[in-house]
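Everything on this sheet refers to the single structure shown next.
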Amino acid sequence: MLLFIAKRLVQIIPVIFGVTLVVFLIMQMVPGDPAAILAGEGASQETIEQYREDLGLNRPVAEQYMSYVSNVFQGDLGNSLKNKQPVLDEILLRLPITMELAFYSILITIVLGLAAGIISAVKPYSIRDVSVMVVALLGISLPSFWLGLLLMYLFSVKLQWLPVAGWDGPLNIILPALTLGVGGAAIVARMTRSSMLDVIGQDYIRTARAKGLKEHFVIYKHALRNALIPVITVVGLQFGSLLGGTVLVESVFAINGLGRMIVDAIRTRDLPMVQGGVLVASLVFVFVNLLVDVLYRAVNKRIDLN
Amino acid sequence: MASKVTTAQTMELAKARQNTRRERWHSFRSVMTQNKAAMAGAIIIGIYLLMMLVAPIVAPYDPYDISLEDKLTPPSMEHWMGTDDKGRDILSRILYGSRLSIGVGFASVLFGAFFGITLGLVAGYYGKWIDTIISRLLDVMLAFPGILLALAIISALGPGLINVTIAVGVFSIPLFARIVRGSTMEVKKLEYIDAIRTLGANDFTIIFKHIFPNVLSPIIVQGSMRLATAILSAAGLSFLGLGAQPPSPEWGAMLSSGRDFLFSAPYMALFPGLMISILVLGFNLFGDGLRDALDPKLKK
Amino acid sequence: MNKEVVLQVKNLKTHFTTSKGTAKAVDGVDFTLHKGETLGIVGESGCGKSITSLSLLRLIPTPPGKIVEGEILLNNKDIVKMKEEELRKVRGNQISMIFQEPMTSLNPIIPVGEQIAETIRLHQRLPRKPAWQKAVDLLEMVGLPSPEKRAKQEPFQLSGGMRQRVMIAMALACTPEVLIADEPTTALDVTIQAQILELMKDLQKQIGMSIIFITHDLGVVSEVCDQVAVMYAGQIVEHRNAKDLFKTPLHPYTQGLLSSLPNIHENQQELQTIEGSVPSPYDYPVGCRFADRCPHAREICRAEAPDLLETNNAETKVRCFMHTEKWEVIEEKEELVCP
């Protein structure tokens with residue numbers, strides 16, 4: 037197991053380099069003089085030249101990339117163009133908020149998704165199954181930003197049970213987490229159902245029944261545990277689109293997380309901020325994927341190291 | 041003489057492949073028409089496509105016509121979906137907006153499919169180091185969570201609907217490439233491909249004439265699923281103000297302006313969102329049906 | 002033989018309802034199983050032998066399958082009429098099963114010892130530790146090397162033969178009265194096959210259970226079975242003592258099956274095959290189901306369905322007009338008609 041983790045860690049190193057390279061190259065695509073953009077609007081020619089010198093923008097691209105990577109690994113993501121503060125400080129302020137939102141959302145995704153999937157699979161093609169699956173289909177079809185507005189209108193404007201926006205208390209978490217988690221829950225539910233149906237048709241389930249086990253033992257001990265294996269992968273992938281989704285949901289509910297920071301930074305053309313935000317979010321995703329892989333292997337020892 | 045025999049045999053083999061392809065198409069069509077959900081999806085998509093075509097004819101008002109005295113009127117007989125904060129007719133805007141919202145979706149998927157399929161075919165056909173490089177590149181692209189890669193691209197190119205199309209399209213590239221790569225590697229192993237090669241067909245002919253048609257069905261399934269996501273992503277980016285700019289009637293942008301009037305005029309946000317949801321539902325229904333029809337594993 | 006009857010099946014019918022109609026997979030099966038006896042049920046694939054075996058423990062997936070008629074009497078209690086709870090006490094306890102595919106019949110993510118122990122805990126109400134110990138003992142009994150270690154392993158770490166041994170240990174955990182073995186050796190190598198058969202014979206002597214052996218392999222039947230029931234198109238066509246059956250098969254179908262076997266003692270020129278194909282279970286002919294493929298078929302065979310009848314020897318049952326008095330009568334008549 038340790039060997040497996042070590043091997044996976046080694047494997048993600050090129051991915052991390054690749055991610056930094058892509059982020060770096062995207063910023064190279066910016067039309068115009070990067071030094072002029074970084075110096076800010078209305079800067080004098082002298083200041084621009086100063087910037088070019090300081091940031092090494094007159095050096096070859098490969099060299100620039102090397103220094104970018106080495107800066108990144110030292111925790112230097114550059115300074116914001118807006119307030120000249122280190123990007124990392126801002127990110128460290130915002131990241132916990134986004135992670136908290138992501139945590140509750142993925143919790144909803146898993147719990148709601150599994151429950152719905154199992155309910156459906158136990159009695160396939162029943163009215164209960166069909167209605168759960170119809171709701172799941174709606175769940176994957178509703179845009180999160182619209183669902184967020186609908187929930188906000190219903191629970192905050194009409195019923196006034198929950199706060200409209202912001203991030204001040206536990207009540208604030210409910211609507212955004214629900215908005216972000218529901219889509220994933222629908223996907224997990226569909227996956228769980230099809231995986232469960234697949235497993236229930238397997239020979240070893242017949243063996244379990246032939247042994248005289250109670251039906252709920254057959255379902256929960258023998259079927260569910262096998263059915264969960266492919267679901268783990270789906271949950272891992274879901275975490276990725278969930279992280280991306282924070283961008284939208286944080287904007288809908290005016291939450292000052294990492295996603296909103298990136299969007300605001302794009303609007304104000306604060307490139308280092310965008311660069312840093314995208315990089316950090318991607319690294320989080322890479323490590324979550326690693327975690328999922330390890331988990332997958334822990335429950336399914338059959339897969340070999342490759 | 042010997043080569044003639046091989047030619048005949050190869051032609052036969054190729055023909056047999058084509059025949060099974062035709063058979064598959066027939067069985068596919070019967071499965072699709074029997075699948076009620078897939079039919080419902082196809083009908084929904086059809087209605088939306090029709091809407092794109094006839095928008096100028098059926099739209100009751102000019103979608104850009106500002107009339108401040110009519111602003112924020114709730115749905116009525118004159119304005120079926122009400123008017124927005126500038127007094128523009130929401131129904132007319134939605135009809136015209138269909139061209140933008142659906143068009144961006146299709147354009148971005150075509151963009152992603154073109155590059156993705158090419159990369160996938162090349163990686164799968166040539167293998168070795170070419171495959172390694174392309175596969176690593178795809179891994180890196182997939183390492184970006186959700187629409188963040190699109191955000192990064194937009195931050196470089198600047199906001200706008202065309203840039204959104206490119207950004208969302210880029211995100212589709214690895215998904216197409218992976219599927220095509222896998223299928224290509226499978227098809228490449230088939231005997232008749234070898235036979236064609238010994239007859240002197242060049243790589244280009246083999247890839248596009250013989251391998252590409254065989255990997256088409258997974259591409260179509262992926263395409264219809266991607267359309268749903270692409271339309272959602274593009275609308276989302278416009279919602280964030282990074283895509284279509286006001287006064288464009290793009291649905292995501294309309295939703296975005298509707299958000300500011302959630303208290304006083306909820307219908308402003310209701311209708312554009314509903315339009316997106318139903319369309320995406322249509323694509324999901326259709327995609328589910330396609331997958332069931334084309335995936336031999338699921339056939340009973 | 003006046004042995005004690007353990008299991009008696011009367012007019013068992015298991016039908017499947019699908020979009021194509023009703024498939025009569027098992028269509029009126031009768032047999033009696035005595036204590037300590039091994040009954041082989043043989044037939045081509047699709048003849049209903051596996052469905053029969055699954056029906057005995059009501060393991061047919063419902064829908065589409067259903068036992069529509071008949072009785073399965075285990076010590077005079079009808080399994081068909083049992084409530085779920087009662088049925089569960091029979092399954093794995095009084096009657097247990099071994100399946101064809103040892104690869105897929107064991108749960109891939111549960112240690113094999115636990116898969117045995119859970120049956121013991123369930124039926125014998127033993128606590129965890131003694132149940133585990135018993136599972137290890139059972140693995141030793143079925144000849145698994147280093148059972149302590151193996152018990153903790155998952156099925157993928159075991160070879161096919163070892164897995165089938167685990168399946169046997171699992172089936173024998175509660176010393177059942179009846180063991181149903183559905184093609185237990187088909188998926189195994191020939192050498193492993195022989196070992197597993199030997200093991201089953203040994204264990205049968207130790208425990209004194211009865212075995213129902215489902216197989217299409219007549220070679221296996223001749224090795225392990227006392228009685229043989231030959232199935233064709235959802236029915237038993239011949240039920241006899243194994244030795245007699247191999248010596249003088251009565252039913253034309255049995256004769257066909259035996260002559261299609263390669264015989265190492267005689268220098269056969271070519272293997273016989275039975276012409277034609279099995280009738281569809283959706284639509285059986287009115288008369289004898291084998292008539293279309295039978296070299297001896299006459300008019301009556303297509304007009305009337307023969308019953309499974311005892312011949313002059315009470316131990317022998319066969320479903321064929323050839324062995325009834327009717328046959329002679331008809332023969333004379335037909336000869337009169339034909340010039």
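Just so you know, the protein sequences line up as chains H, Y and X, in that order.
Letter by letter, the first sequence follows residues 37 to 342 in the working numbering.
Letter by letter, the second sequence follows residues 41 to 340 in the working numbering.
Letter by letter, the third sequence follows residues 2 to 340 in the working numbering.
A virtual CB, placed ideally from N, CA and C, is assigned to each residue, including glycine.
Assign residue i to one of two classes, buried (16 or more other C-beta atoms within 10 Å of its C-beta) or exposed (fewer than that).
i              : result
D125 (chain H) : exposed
E149 (chain X) : exposed
A270 (chain Y) : buried
T228 (chain H) : buried
A246 (chain H) : buried
P128 (chain X) : exposed
S257 (chain Y) : buried
P156 (chain X) : buried
D138 (chain X) : exposed
A345 (chain H) : Chain H is shown only over 37 to 342; residue 345 (chain H) falls outside these bounds and no answer can be derived.
A174 (chain X) : buried
A42 (chain Y)  : With a pLDDT of 43 at A42 (chain Y), under the threshold of 50, the modelled position of this residue cannot be trusted; read the value that follows with caution. The residue is exposed, with fewer than 16 neighbouring Cβ atoms inside 10 Å.
Let me check understanding here. Comparing Cα to Cα, which of the options lies closest to residue i?
i              : options                        : result
M309 (chain H) : H:N262, H:L294, H:K250         : H:L294
T134 (chain H) : H:V335, H:I144, H:L278, H:L307 : H:L278
G149 (chain H) : H:Q311, H:P70, H:I52, H:V168   : H:V168
V123 (chain H) : H:S318, H:V314, H:V320         : H:V314
L198 (chain X) : X:I301, X:V225, X:L180         : X:V225
F301 (chain Y) : H:M188, H:S156, H:G202         : H:M188
D102 (chain Y) : Y:S132, Y:Y88, Y:L89           : Y:S132
E290 (chain Y) : Y:G164, Y:Y104, Y:M79          : Y:Y104
I97 (chain Y)  : Y:Y136, Y:W169, Y:A235         : Y:Y136
I146 (chain H) : H:G217, H:G202, H:I209, H:I84  : H:G217
L189 (chain Y) : Y:D129, Y:V227, Y:A274         : Y:A274
Y233 (chain X) : X:E184, X:D190, X:R294, X:L204 : X:R294
S278 (chain X) : X:G47, X:A24, X:P103, X:K11    : X:G47
D218 (chain X) : X:Q207, X:V231, X:K206, X:M210 : X:V231
P136 (chain X) : X:A170, X:K206, X:V6           : The amino acid occupying residue 136 (chain X) in the given sequence is Ala; Pro does not appear at that position. If we check each option's Cα against that of A136 (chain X), X:A170 comes out closest.
In the DSSP assignment, what residue or residues form a beta bridge with residue i?
i              : result
E72 (chain X)  : X:K11
F214 (chain X) : X:G41, X:A182
K78 (chain X)  : X:L75
R241 (chain X) : X:V229
L326 (chain H) : Bridge partners of L326 (chain H): none, in fact.
D28 (chain X)  : X:K14
For residue i, return the contacting residues in chain B, with the cut-off set at a CB-CB distance below 8 angstroms.
i             : result
S97 (chain X) : Looking at the structure shown, chain B is missing, and the protein chains on hand are H, Y and X.
Where does residue i fall in DSSP's three states?
i              : result
M232 (chain X) : strand
I99 (chain X)  : strand
D129 (chain Y) : strand
K111 (chain Y) : coil
F291 (chain X) : coil
P306 (chain Y) : coil
R331 (chain Y) : helix
D284 (chain X) : coil
N115 (chain H) : strand
L135 (chain Y) : helix
F60 (chain H)  : helix
K135 (chain X) : helix
K84 (chain X)  : coil
T23 (chain X)  : strand
F17 (chain X)  : strand
P289 (chain Y) : coil
P112 (chain X) : coil
G312 (chain H) : helix
L310 (chain X) : strand
V6 (chain X)   : strand
Is residue i near the ligand NAD, going by C-beta to nearest heavy atom under 6 angstroms?
i              : result
E109 (chain Y) : In the structure on display, the ligand NAD does not appear, and there are no ligands present to speak of.
Completely contained alpha helix (DSSP H) runs for the stretch 214–256 of chain Y, where each covers 4 or more residues: Those alpha helix (DSSP H) runs which fall completely within the stretch 214–256 of chain Y and span 4+ residues are 231–238.
Please give the ranges of any beta strand (DSSP E) in the stretch 226–258 of chain H, keeping only runs that are unbroken, at least 3 residues long and fully inside the region. If only complete runs of 3 or more residues are kept, the stretch 226–258 of chain H shows no beta strand (DSSP E) anywhere.
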